[in-house]
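Visitor:
2 protein chains.
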Amino acid sequence: MAAMTQIDTINALRLMQSADELRARLSGAFAAVHGLSVNEYFLLKQLNHAPGNRLPRVELAKRMHVSASTITRMVAPMEKIGLVDRETGARDARLALVVLTKAGAGKLKDAEATFAMHAGYIFEDRWTQSEREQFSELLNRLVAGTPASLT
Amino acid sequence: MAAMTQIDTINALRLMQSADELRARLSGAFAAVHGLSVNEYFLLKQLNHAPGNRLPRVELAKRMHVSASTITRMVAPMEKIGLVDRETGARDARLALVVLTKAGAGKLKDAEATFAMHAGYIFEDRWTQSEREQFSELLNRLVAGTPASLT
DNA sequence: GCAGAACGCTTGCATATGCAAGCAATACGC
DNA sequence: GCGTATTGCTTGCATATGCAAGCGTTCTGC
Numbered sequence: 003m004a005a006m007t008q009i010d011t012i013n014a015l016r017l018m019q020s021a022d023e024l025r026a027r028l029s030g031a032f033a034a035v036h037g038l039s040v041n042e043y044f045l046l047k048q049l050n051h052a053p054g055n056r057l058p059r060v061e062l063a064k065r066m067h068v069s070a071s072t073i074t075r076m077v078a079p080m081e082k083i084g085l086v087d088r089e090t091g092a093r094d095a096r097l098a099l100v101v102l103t104k105a106g107a108g109k110l111k112d113a114e115a116t117f118a119m120h121a122g123y124i125f126e127d128r129w130t131q132s133e134r135e136q137f138s139e140l141l142n143r144l145v146a147g148t149p150a151s152l153t
Numbered sequence: 003m004a005a006m007t008q009i010d011t012i013n014a015l016r017l018m019q020s021a022d023e024l025r026a027r028l029s030g031a032f033a034a035v036h037g038l039s040v041n042e043y044f045l046l047k048q049l050n051h052a053p054g055n056r057l058p059r060v061e062l063a064k065r066m067h068v069s070a071s072t073i074t075r076m077v078a079p080m081e082k083i084g085l086v087d088r089e090t091g092a093r094d095a096r097l098a099l100v101v102l103t104k105a106g107a108g109k110l111k112d113a114e115a116t117f118a119m120h121a122g123y124i125f126e127d128r129w130t131q132s133e134r135e136q137f138s139e140l141l142n143r144l145v146a147g148t149p150a151s152l153t
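These protein sequence lines map, in sequence, to chains P and W.
Position 135 of the first sequence, counting from 1, maps to 137 under my numbering, and the rest follow consecutively.
Position 82 of the second sequence, counting from 1, maps to 84 under my numbering, and the rest follow consecutively.
(1) Which of helix, strand or coil does DSSP assign to Ala211/P?
(2) Let's test the definition: count the other Cβ atoms within 10 Å of the Cβ of Ser20/W and tell me whether it reaches 16, buried, or not, exposed.
(3) Report yes if the C-beta distance between Thr103/W and Val77/W is below 8 Å; otherwise report no.
(4) Fully enclosed by the segment 99-141 of chain W, which alpha helix (DSSP H) runs are 4 residues long or longer?
(5) Quick test of the definition: if touching needs 3 or more C-beta pairs under 8 Å, does the segment 38-53 of chain W touch the segment 65-80 of chain W?
(6) Assuming Glu89/P and Arg128/P are in contact, meaning their beta carbons sit under 8 Å apart, how far apart are those beta carbons, in whole angstroms?
(7) Bridge partners for Arg56/W per DSSP, in chain order?
(8) For chain W, find out if any of its Cβ atoms is closer than 8 Å to the Cβ of Arg16/P; answer yes or no.
(9) Does DSSP put Val86/P in a helix, in a strand, or in coil?
(10) Name, please, each residue of chain W whose Cβ falls closer than 8 Å to the Cβ of His67/P.
(11) Quick one: is Gln48/W buried, meaning 16 or more other Cβ sit within 10 Å of its Cβ, or exposed?
(12) Just verifying my parser: in three-state terms, what is the DSSP assignment at Thr7/W?
(13) From which residue to which residue does the alpha helix (DSSP H) around His67/W run?
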């Protein structure tokens, strides 16, 4: 048990450090190439993954681990440049759905290519194909079932 | 090759989402129990891991993937409450070393327990011991050799 | 049905962070 | 050695984000 705690601690550390490094790389690339922040990319991706390409703000907040006010403020400029639209909930007038537009889907597609490229850089020459699959399976158990999961 | 890019993309996504979730959990726990932010915890941990328990600000910035000004502003209150000290570089007067104090080391030790606890929660009942070791080995190849690595 | 609780969204304020400019110290080219 | 470039740190300004309060809508207990 003590041994498991020890390795869990190391794994959690390495997990966070790897993610931090990847985020730092992506941050620069997205800003330069697409004028997007990493969080804006994830927001578009959540919408694209959702049924009907739309989600209430509160649901976006939960999935992205940010506050509702952050969503309000992130969405405003994205709406202004046409990446998303606003739509009032049909059954519940409290809901202000964020809807992915054609333009937003196009921007997302471009950004996916950048993401894939940098993901490739990170893992390149470090793992075999079989190890990549092991890693995928292990991580899947951490994120599967959560509403935030994009895969 | 296309298949490898595909799985790399999925792995990068899951990596970032797992880390985000862990960070969100830790953020609340550290704030409530120790009055620390996650980044302050990592700063203390970097100092503790460094030879002589001290590092120049610029080195902390690189390892933590933040700007130098962020380090300046993070360190100020930590110095005020005695977690760290300031020391001018002996051979290079430009350097303003951040030094871990006894109090800082004590606080870090408390925080490590909280970290370990939540790391345990995250992985609990999801992976076998052997899978934990595989995961550790795979992640190690991502972070090993980087100055930021704490393990 | 109605009153109060709960929910979804927005906004004011406080904090956190990056970038660029500025300052002091060191390194480099000659 | 000297002048210039580089480096390390700090600070002003702009942006990003969380929390709490406020407002409108829906749900719940009765």
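Note that beta-carbon positions come from the ideal geometry of N, C-alpha and C, so glycine has one too.
Being a predicted model, the structure only gives us computed values, none of them experimental.
Guide: Inspection of the coordinates gives the following:
(1) Outside the shown range of chain P (3 to 153) lies residue 211/P, about which nothing can therefore be said.
(2) With 16 or more Cβ atoms within 10 Å of its Cβ, Ser20/W is classed as buried.
(3) No.
(4) Whole alpha helix (DSSP H) segments, 4+ residues: 104-125.
(5) Yes: the two stretches touch, three or more of their Cβ pairs being nearer than 8 Å.
(6) Not quite, the Cβ-Cβ distance comes to about 44 Å (not below 8 Å), so this is no contact.
(7) BP columns for Arg56/W point to Val101/W.
(8) Judged by the 8 Å Cβ criterion, Arg16/P is in contact with chain W.
(9) Note: Val86/P maps to strand in three-state DSSP.
(10) Close to His67/P, with beta-carbon spacing below 8 Å, are these residues of chain W in chain order: Asp22, Glu23, Arg25, Ala26.
(11) Classification of Gln48/W: buried, given that the 10 Å Cβ count is 16 or more.
(12) Per DSSP, reduced to three states, the secondary structure at Thr7/W is helical.
(13) In the DSSP assignment, His67/W falls outside any alpha helix (DSSP H), carrying neither H nor E.
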